[in-house]
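Structure record follows, encoded as structure tokens.
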Amino acid sequence: MPDWSYHTLFRPILHRLPAQVSRDFIHRSMSFISSIPFGSKLISFLGHFDNDLRLSKTIGDVTVPNPLGLSGEIDPSLIGTKAFTHLGWGFIEIGPITVNSTLQNDCPLWDRKNKRILFPEPLPSIEVKKVKDRLKKVKKQQPFLLRLRGTNEEIVRLIQQLFSYGDGFIIETTELISHEVLRGLRQCAMGKPIILSVKNDINLIRKTILPIQSFLDGIVVESDRTWTTEENQRLLKKTVHLLKQQANWHLPIVIKGGVQSPNDALELLHAGADFLLISDGYIYSGPGLPKRILESLLFTSFGNLEKSQYTGWQYYWWFGLIIFLSGILAFIFSVTSVILPYDEAFLNTTREQIYSWNPQLLAFMSHDRMTLAGTMISGGILYMFLAKYGVQYRLHWTKHAIDVAGIIGFLGFLLFIGYGYFDFLHLSLWMILIPFFLKGMKSSKNVKALPVSFDLYNDRAWKQCLWGQLAFISLGVSLVFGGVVIALIGTTTIFVPTDLAYICMTPEMLNDWNERLIPVIAHDRAGFGSALCSVGTLIFLISLWGFRRGASWVWRAFFIGGIPAFVTGIGTHFWIGYTTLIHLVPAYIALFLYIVGLLTTYRYLHDKGSKIS
49 MPDWSYHTLF RPILHRLPAQ VSRDFIHRSM SFISSIPFGS KLISFLGHFD
99 NDLRLSKTIG DVTVPNPLGL SGEIDPSLIG TKAFTHLGWG FIEIGPITVN
149 STLQNDCPLW DRKNKRILFP EPLPSIEVKK VKDRLKKVKK QQPFLLRLRG
199 TNEEIVRLIQ QLFSYGDGFI IETTELISHE VLRGLRQCAM GKPIILSVKN
249 DINLIRKTIL PIQSFLDGIV VESDRTWTTE ENQRLLKKTV HLLKQQANWH
299 LPIVIKGGVQ SPNDALELLH AGADFLLISD GYIYSGPGLP KRILESLLFT
349 SFGNLEKSQY TGWQYYWWFG LIIFLSGILA FIFSVTSVIL PYDEAFLNTT
399 REQIYSWNPQ LLAFMSHDRM TLAGTMISGG ILYMFLAKYG VQYRLHWTKH
449 AIDVAGIIGF LGFLLFIGYG YFDFLHLSLW MILIPFFLKG MKSSKNVKAL
499 PVSFDLYNDR AWKQCLWGQL AFISLGVSLV FGGVVIALIG TTTIFVPTDL
549 AYICMTPEML NDWNERLIPV IAHDRAGFGS ALCSVGTLIF LISLWGFRRG
599 ASWVWRAFFI GGIPAFVTGI GTHFWIGYTT LIHLVPAYIA LFLYIVGLLT
649 TYRYLHDKGS KIS
């Protein structure tokens with residue numbers, strides 16, 4: 049459930065439901081998706097997330113891929129854990145776990161005024177047996193830290209029973225803890241990290257933790273659930289700062305709560321926190337929060353991505369340029385001769401003969417070829433933008449988008465084979481493009497850089513952009529679907545009723561006049577359908593993976609790239625007088641999505657980060 053669907057479609061509905069009902073619905077739905085074949089691949093595909101090794105840290109002897117963890121408060125029943133492992137977390141907190149469950153008291157409440165979740169106090173727990181049953185079904189992608197609650201004796205028993213399920217243990221004891229107790233816990237843990245949960249009280253931490261820190265691998269400083277996020281943020285930063293100034297302090301600090309935006313997280317990390325456990329901020333900011341935090345952390349820690357001349361981007365750029373120029377050439381032919389010499393040779397009929405027999409038919413063929421030309425021009429522009437502003441900077445997602453869309457476009461050529469009409473020009477273009485595409489794929493095999501950003505705030509521009517992102521994703525999906533439908537029509541009925549009404553003829557009449565005419569028209573339709581699929585895939589993948597604050601090149605790519613397709617796709621119908629409303633409704637809907645997308649994403653994609661703190 050990405051941010052663009054969570055905030056626009058699901059959250060407005062779910063926030064009207066009781067918190068537990070909406071939480072269970074989301075978690076069960078995500079868990080179901082991750083359980084079906086290729087479901088986990090779908091979740092990973094939508095997020096396109098990977099960890100940067102530069103952000104990895106250690107706690108005890110456990111390596112954590114990034115400093116962000118998901119608080120056990122979010123999923124106390126472990127219903128959605130299987131899905132959460134694919135959402136970019138560096139580690140996941142499981143629990144609180146107790147000898148006997150207290151989940152029946154689980155009733156979180158929305159505090160809409162202060163934008164937080166009011167969790168019950170104490171937090172409900174899950175019993176050992178349920179933890180074992182549910183974690184057995186989960187394939188771990190990151191360390192699990194088990195939060196254990198109880199008496200010292202109960203915690204020892206819990207460690208022994210859950211040893212193989214966790215990578216470390218967060219201790220939430222109800223009794224005083226001593227050197228002897230910690231020594232016993234460490235023996236039970238057999239080298240796995242022991243982390244102590246403490247309240248956000250600097251004096252208490254100094255008094256209780258400093259004497260025993262040699263027996264610990266870290267502490268979790270808990271935010272106060274009665275405070276607002278802003279209050280917790282301020283006090284947590286103060287505590288971290290004071291602890292890091294302590295001369296004899298050496299424990300890693302895990303901060304729980306106090307984060308609702310990437311800026312909140314960065315301020316805590318820059319204050320000295322080593323790890324963060326994200327709690328109710330995840331509910332309000334959405335599932336994209338960890339990715340936004342990590343991309344902002346990469347930017348503030350290592351700077352922006354730099355150009356590289358050794359990524360093969362030039363071959364992808366030439367690939368796009370050739371498609372662009374071919375589209376212009378096809379457009380010129382479509383508004384002049386329409387029929388090329390090798391078409392006339394195949395038909396054994398001249399352009400003039402077709403025109404004298406039925407002028408509408410020639411205009412109809414012009415309309416098919418003009419829309420194909422506009423689609424090719426738009427596709428070429430998108431390929432060039434992806435190569436110059438993405439692959440040149442080693443951005444892996446841009447290479448992936450080019451490869452997927454390019455392969456779809458090449459496979460579309462196979463649709464031509466079944467018509468009994470061999471298009472020499474299309475074959476020539478195919479043969480010219482393949483070397484550039486293959487060379488680009490080979491040269492860019494090491495293009496694996498993760499994107500960076502400075503998307504620090506959940507401001508109005510960000511929220512508006514989510515609607516625009518939804519519009520562009522819908523546009524991409526619509527074009528892919530439309531391309532498939534057009535290709536299917538081109539391989540079956542060839543015409544839709546409005547086509548036949550425009551040319552005032554039936555397929556039988558066309559076939560009687562020239563039995564080779566329908567294969568040529570079918571070839572044109574298949575070409576347009578496959579091109580539309582390819583360009584729709586580009587729009588979908590760019591919208592899915594490429595929207596980041598300040599990425600103005602994405603907006604320019606859509607703005608410039610969309611003009612040729614819409615001018616030809618809609619304009620050609622008015623040019624030839626084929627203006628049947630029902631035929632043009634899909635194009636009007638696509639144009640509406642395009643305009644909405646441009647208007648709502650402009651501010652966000654052109655924000656250069658003047659608010660960076």
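Sequential numbering of the sequence shown, starting at 49, is according to my numbering.
A virtual CB, placed ideally from N, CA and C, is assigned to each residue, including glycine.
Bear in mind the structure is a predicted one, so any value in this text is a computation, not a measurement.
For residue i, is the classification buried or exposed, using 16 other Cβ atoms within 10 angstroms of its Cβ as the cut-off for buried?
| i | result |
| --- | --- |
| D322 | buried |
| R71 | buried |
| K188 | exposed |
| C513 | buried |
| I371 | buried |
| T359 | buried |
| F502 | buried |
| V112 | buried |
| C155 | exposed |
| L647 | exposed |
| Q440 | buried |
| S344 | buried |
| N352 | exposed |
| F508 | The residue asked about is misnamed: residue 508 is Arg in this sequence, not Phe. Answer is exposed; the Cβ neighbour count stays below 16. |
| V69 | exposed |
Along the chain, where does the alpha helix (DSSP H) that runs through residue i open and close?
| i | result |
| --- | --- |
| T541 | Run containing T541: none; DSSP gives neither H nor E here. |
| V644 | L629 to L653 |
| R76 | A67 to S83 |
| D560 | P555 to W561 |
| L342 | L337 to F350 |
| L171 | It is not in any alpha helix (DSSP H) - L171 carries neither H nor E in the DSSP assignment. |
Less than 8 Å separating the beta-carbons of residue i and residue j?
| i | j | result |
| --- | --- | --- |
| L586 | L430 | yes |
| L284 | P115 | no |
| G24 | A579 | As shown, the chain starts at 49 and ends at 661. That puts residue 24 outside it, with no answer to give. |
| Y636 | W510 | no |
| L101 | P144 | no |
| L224 | Q261 | no |
| T649 | G488 | no |
| S582 | G422 | no |
| P191 | F139 | yes |
| I243 | L233 | no |
| T539 | T628 | no |
| I521 | L443 | no |
| V110 | G216 | yes |
| S83 | K130 | yes |
Can you give me the C-alpha to C-alpha distance between residue i and residue j, rounded to a whole angstrom?
| i | j | result |
| --- | --- | --- |
| I590 | E228 | 57 Å |
| V383 | G617 | 13 Å |
| P124 | I174 | 7 Å |
| P60 | L291 | 41 Å |
| N47 | I566 | Nothing in the structure corresponds to residue 47, since the chain is present only between 49 and 661. |
| L523 | L473 | 30 Å |
| W137 | P338 | 7 Å |
| E400 | Y469 | 21 Å |
| R76 | V186 | 14 Å |
| I107 | V495 | 31 Å |
| I127 | R182 | 8 Å |
| G575 | S492 | 28 Å |
| G336 | P50 | 6 Å |
| I326 | Y642 | 35 Å |
| K656 | R597 | 7 Å |
| I611 | L57 | 29 Å |
| F347 | F97 | 16 Å |
| V296 | Q209 | The sequence as given places Asn at residue 296; Val does not occur at that position. C-alpha separation (whole angstroms): 35 Å. |
| G95 | I341 | 14 Å |
| N99 | V302 | 19 Å |
If you follow the beta strand (DSSP E) that residue i is part of, which residue opens it and which one closes it?
| i | result |
| --- | --- |
| L443 | That residue, L443, is in no beta strand (DSSP E); it is neither H nor E in DSSP. |
| R164 | R164 to L166 |
| G329 | Run containing G329: none in the beta strand (DSSP E); it sits in the alpha helix (DSSP H), G329 to S333. |
| F323 | F323 to I326 |
| D503 | It is not in any beta strand (DSSP E) - D503 carries neither H nor E in the DSSP assignment. |
| L157 | L157 to D159 |
Would you say residue i reaches chain C, if we count a Cβ-Cβ gap shorter than 8 Å as a contact?
| i | result |
| --- | --- |
| V544 | The structure shown contains no chain C; it is built from a single protein chain. |
- prompt: What are the complete alpha helix (DSSP H) segments, minimum 4 residues, inside the segment 355 to 425?
  reply: 361 to 383, 389 to 395 and 399 to 405
query: Which whole runs of the beta strand (DSSP E) in the segment 92 to 153 are 3 residues long or more, in chain order?
result: 105 to 107, 110 to 112, 116 to 118 and 139 to 146
- request: Starting from the N-terminal side, write out each stretch of the alpha helix (DSSP H) that is 4 residues or longer and does not extend beyond the segment 179 to 246.
  value: 200 to 210 and 227 to 237
Completely contained alpha helix (DSSP H) runs for the segment 577 to 627, where each covers 4 or more residues: 600 to 624
- prompt: Hey, which unbroken runs of the beta strand (DSSP E) at 3 residues or more fall wholly within the segment 239 to 304?
  reply: 242 to 247, 266 to 270 and 301 to 304
Alpha helix (DSSP H) segments (min. 4 residues) lying fully within the segment 458 to 500: 472 to 491
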